[in-house]
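Using our numbering, the first residue of the sequence shown is number 129, and each one after it goes up by one. Encoded as structure tokens, the structure appears first; notes follow it.
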Amino acid sequence: PPPPAKKKETMVYFFTSSDGKFTYYMGKDKFENEVLIKYGWKKDVWFHVDDLSSAHVYLRLPKGVKIDTIPPEILEECAQLVKANSITGNKKNNIKIVYTMWENLKKRKSMEIGQIGFHDTKVLQYTRVEARKNEIVNALMKTRVEYQTSKFKEMWDERQAKLRRIEKRRKKREAAERQKAIEEERKKAELREYKGLEVEDDGNLNTGVGMTAEEFEDDFM
């Protein structure tokens, strides 16, 4: 019999923002969503059509940008990408998009594939899409790059290795700073002790001031 067919590798799609400074990514279907949930980064922001089925779109925040400081045009691009990848949401106007930091996502074993919850619903944020803007969606689609999920996992592994190196350097630097502080304190203590001995020696020597050599010598006889 012929060998069994190889399982097709699942895909993750990456997009680049109109200003070239931000990266968006999403899974091909609900199975990829499981991978994205597991291997997201702390600086990723998750987007979804509220109360409707849609793709899980993630925004990877660059250094210096927080969830509260996402530029309006970037927020709109994310919202448009989510809407365009929702079968029901793409047909409706004035839909609500929910978004939150990746670390706020909560996955329980009892949940279905692709389903997600939250650790804290109070920090969820929302934006609205009045209507689909084809010019935004089409521009984003032209930037799409496909990666296998195995590559996405590799990116996560590389990120974790980098974070471990940074943490190791931080601990090494802090240890060196602590050792330096201990050494400086030791030197200060030695200096204080030396000055104390110097004052004591000066007091003893001053007893001989004004004496003749014979008197000074007799004083020690």
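All residues carry an ideal CB built from backbone N, CA and C; glycine is no exception.
Since residue i and residue j are thought to touch, with beta carbons under 8 Å apart, how far apart are those beta carbons, to the nearest angstrom?
{"i": "F159", "j": "L187", "result": "Their Cβ separation, rounded to whole angstroms, is 21 Å, which puts F159 and L187 out of contact at 8 Å."}
{"i": "L227", "j": "F175", "result": "Note on residue identity: the sequence assigns Tyr, not Leu, to residue 227. About 5 Å separates the two Cβ atoms, so the contact holds."}
{"i": "K211", "j": "V257", "result": "5 Å"}
{"i": "Y167", "j": "K281", "result": "6 Å"}
{"i": "G217", "j": "V185", "result": "Going by Cβ atoms, the distance from G217 to V185 rounds to 12 Å, so no, they are not a contact pair."}
{"i": "E231", "j": "K170", "result": "5 Å"}
{"i": "Q253", "j": "I215", "result": "About 24 Å separates the two Cβ atoms, so there is no contact after all."}
Using the Cβ count rule (16 or more neighbours within 10 Å means buried), how would you classify residue i?
{"i": "I165", "result": "buried"}
{"i": "V140", "result": "buried"}
{"i": "D248", "result": "exposed"}
{"i": "S145", "result": "buried"}
{"i": "S278", "result": "exposed"}
{"i": "S181", "result": "exposed"}
{"i": "Q243", "result": "exposed"}
{"i": "M229", "result": "buried"}
{"i": "V251", "result": "exposed"}
{"i": "A183", "result": "buried"}
{"i": "Y153", "result": "buried"}
{"i": "K234", "result": "exposed"}
{"i": "G148", "result": "exposed"}
{"i": "I310", "result": "exposed"}
{"i": "D172", "result": "buried"}
{"i": "Q307", "result": "exposed"}
{"i": "K300", "result": "exposed"}
{"i": "N266", "result": "exposed"}
{"i": "E162", "result": "buried"}
{"i": "L268", "result": "buried"}
{"i": "L319", "result": "exposed"}
{"i": "G324", "result": "exposed"}
{"i": "G245", "result": "exposed"}
{"i": "G192", "result": "exposed"}
Tell me, which residues are paired with residue i by DSSP?
{"i": "V226", "result": "H176 and Y254"}
{"i": "S233", "result": "It is worth fixing the name first, because residue 233 is Leu in this sequence and not Ser. Paired residues: F246."}
Fully enclosed by the region 256-330, which alpha helix (DSSP H) runs are 4 residues long or longer?
Unbroken alpha helix (DSSP H) runs of no fewer than 4 residues, entirely contained in the region 256-330, are found at 262-269, following chain order.
Should the region 270-282 be regarded as contacting the region 209-223, the criterion being three or more beta carbon pairs within less than 8 Å?
no
Quick check on the DSSP output: what are the complete alpha helix (DSSP H) runs of length 4 or more inside the region 139-195, in order along the chain?
Positions of the alpha helix (DSSP H) runs, each at least 4 residues long and wholly inside the region 139-195, are given as 158-166 in order along the chain.
Inter-stretch contact at 8 Å, needing at least 3 Cβ pairs: the region 203-211 / the region 258-267
yes
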